[in-house]
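In our numbering, the protein residues as written are 93 to 373.
Quick look at the structure:
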C-alpha cells in the first residue's frame, strides 16, 4: 500500500471509473476480483470483424517491422545494458520498462499501425501500460496475462510480442493454446490464494498449478510460434501462453512484449491485489 501511496498521482484516472462502477474505496487501497463479485459480470461485448481473432484469440503480422529498424533497436538495447541504464529484474530474464531509457522503443509502443489494429480488435482506445524486453527465452509456464494485469470489466487488456531475432525451436519460442481465451477468467479464489490483507506465500505457484489443471481438464493442445525478425504476434488478455525451453544458449531470443489496457476499465493486479500504476508513454 505504501507503493500505491507513493504513486497515487498515477492512480487518478481510476477515480472516475471507481465512481462509475460503484467501488467505494480510495484508488490507492488494495483491490482484486473480490471487490467486483457482487457487481454485474460485465465483459467487453464488442465483437471484432476479424474472425481469426474471435475464434483463436490471436493474430500474426509477418514482417511488420523492417529488419533495419529491428537491428537499430537491438543496438540501442545492447548499448543501454552495457551502460547500466537498464537491467534484468529478479527473474534474470526480463527487462521491465526499458522504454523509459531507450527512446526508440516508444516507436514500437506508439506505432500508429499497431494501435489502430489493437483498437479495431477491441473496439476502444488503448493505453500502453508496460514493456518487457528479453535477450533469451522466458521459459515461463503457461499463463494468461489477465491474472497478472486484470480488469473490470474483464477482457480490457491486449498484448503484442515483437520478434527482434529469428525465433526457431531451439532458442525458446513462445507456445500458446488457440481458443483458450474463451475459458473463464481465473481469480485468486479459484486457485486457493488468500483474498484478505495478507497474501498467500507463493500466489504465482498456486496459479500455475491451477492453470495446469485447466489445461489437462480441457485437453488443450499447444502450438509453437517460430518467427522471423520483425514479425508481430498479438494476443488476447486471456490467451494461455508461455515459453519453450531455450536449449541453444549460443543463440539469443531477443523480443519485446507490450501490454495495453483498454480505456474505461479498472486495471489491477489480481495476484498481488494492487491497482495498476499507469504512466504516460
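Ideal Cβ placement from N, Cα and C applies to all residues, glycine included.
Restricting to Cα atoms, I'd like to know which of 171, 147, 229, 107 is closest to residue 327.
As a position in the chain shown, residue 327 is number 235, starting the count at 1. Out of 171, 147, 229, 107, 147 has the C-alpha closest to the C-alpha of residue 327.
Once you ignore the five residues that flank residue 229 on each side, which residues in its own chain have a CB closer than 6 angstroms to its CB?
Here residue 229 corresponds to residue number 137 of the chain shown, with the count starting at 1. Here the set comprises 264, 335, 338, 345.
C-alpha gap between residue 362 and residue 330, whole angstroms:
Along the chain shown, read from residue 1 onward, the residue named residue 362 stands at position 270. Along the chain shown, read from residue 1 onward, the residue named residue 330 stands at position 238. So the two alpha carbons sit approximately 13 angstroms from each other.
Suppose contacts are defined by Cβ-Cβ distances below 8 angstroms. Is residue 256 in contact with residue 166 by that definition?
Residue mapping note: residue 256 aligns to position 164 of the chain shown, counting from 1. Residue mapping note: residue 166 aligns to position 74 of the chain shown, counting from 1. A contact, by the Cβ cut-off of 8 angstroms.
Looking at the structure shown, is residue 178 part of a helix, part of a strand, or coil, going by DSSP?
To locate residue 178, count along the chain shown from 1; it is residue 86. Coil at residue 178, not helix or strand.
Continuous alpha helix (DSSP H) assignments of at least 4 residues falling wholly in the stretch 220 to 282:
237 to 240
Quick check for students: name the residue ranges of the alpha helix (DSSP H) that lie wholly in the stretch 283 to 325, counting only runs of 4 or more.
295 to 309
Could you check how far apart the C-beta atoms of residue 209 and residue 190 are, in whole angstroms? I think they sit under 8 angstroms.
Within the chain shown, numbered from 1, the residue matching residue 209 stands at position 117. Within the chain shown, numbered from 1, the residue matching residue 190 stands at position 98. Actually they are not in contact, since the Cβ atoms of residue 209 and residue 190 sit about 23 angstroms apart, beyond 8 angstroms.
Mark residue 175 as exposed unless 16 or more other C-beta atoms lie within 10 angstroms of its C-beta, in which case mark it buried.
Locating residue 175 in the chain shown gives position 83, counting from the first residue. Looking at its Cβ environment, which holds fewer than 16 other Cβ atoms inside 10 Å, residue 175 is exposed.
Please go through the same chain and pick out, in chain order, the residues whose beta-carbon is closer than 6 angstroms to the beta-carbon of residue 369, but skip the five residues on each side of it.
Working through the chain shown from its first residue, we reach residue 369 at position 277. Answer for residue 369: 99, 102, listed in chain order.
Which residue from 271, 294, 287 puts its Cα closest to that of residue 143?
As a position in the chain shown, residue 143 is number 51, starting the count at 1. Looking at the Cα atoms, 271 is the closest of the given residues.
Within the continuous alpha helix (DSSP H) that includes residue 122, where are the two ends?
By 1-based counting over the chain shown, the position of residue 122 is 30. From DSSP, residue 122 is part of no alpha helix (DSSP H); its letter is neither H nor E.
Taking the alpha-carbon positions, what's the residue 315 to residue 308 distance?
Along the chain shown, one-based indexing puts residue 315 at 223. Along the chain shown, one-based indexing puts residue 308 at 216. Taking the straight line from one Cα to the other gives about 15 angstroms.
What does DSSP give as the partner residue(s) for residue 335 in the beta ladder?
Counting from one through the chain shown, the residue named residue 335 turns up at place 243. For residue 335, which the question treats as bridged, DSSP gives the partners 266.
Delimiting residues of the beta strand (DSSP E) encompassing residue 152
To locate residue 152, count along the chain shown from 1; it is residue 60. Its beta strand (DSSP E) spans residues 150 to 153.
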